[in-house]
Structure formats: C-alpha cells, structure tokens
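In my numbering, the protein residues as written are 191 to 310. The structure appears below as structure tokens.
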C-alpha cells in the first residue's frame, strides 16, 4: 500500500499498489496544475481524509478535478475510462496525483506523456 497527502494533510489517500508509471498531460488544466497522474480502478483507492475538498469540472467535460481548498494541492480526479480516444462514462477510474505519495521515488517510474491539449 502507498499513502499520500496534500501539503496541509486535509486530503489523505491510500492506494493498493505503487504506480508502475505516471502520466503527464498537456491539456490546459493539467499543465497549469503540474500533476503527474497515477491511474487506478475505484476499488484500489481509499480517501482516508478529504475534508477540504474542492471540485472543478469544466462545463461539458467528463473529468472532475479535485484539490484541497486550504493548501491548493491538486489531489485526485474522477475520469471516465478512455478507449480509442473516446470516453466511456459508465466506466470510471480515479487519477491520483502521484506527487502526493509519501516515500515514493517519482524518478524511478516512467512518465507517459499524452496530448490532452489537442486530443480532447
């Protein structure tokens, strides 16, 4: 199990396994937030604390982004599963910002770059 938290500790997360890779997206939201996303099925993530959660979802877009309203850290996102560039809204997954993980060496896993700026 891997644990993590935002800077102030208002959001605490546990994931069942360490990510084998992380994703860097260049969409206008992700590039401004600076998150590196680790993808998980819903049953692989437990939000231990989420008391200061704030949510942002761009109108007409299928992904809901969450961040801590106190310290501002980008924490997790709720996304449909994407297949062949199309969202499948009935199949969901959680994206956890791997920069939150405690004692996890981000340099040890590959970073997959996706073109969210022109791909969405």
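All C-beta atoms, glycine included, are put in the ideal place defined by N, C-alpha and C.
Exercise. If you pair each beta-carbon of the segment 284-293 with each one of the segment 224-242, do three or more pairs fall below 8 Å?
Worked result: Enough Cβ pairs lie closer than 8 Å, so yes.
Exercise. Straight-line CA distance for residue 297 to residue 278?
Worked result: For residue 297 and residue 278, the distance between alpha carbons rounds to 31 Å.
Problem set entry | residue 258 - DSSP class collapsed to helix/strand/coil | DSSP places residue 258 in strand when its eight states are reduced to three.
Problem set entry | Between the CA atoms of residue 191 and residue 218 - distance to the nearest angstrom | Approximately 31 Å between the Cα atoms of the pair.
Problem set entry | Continuous beta strand (DSSP E) stretch holding residue 210: start and end | Note, residue 210: premise wrong, no beta strand (DSSP E); not H, not E.
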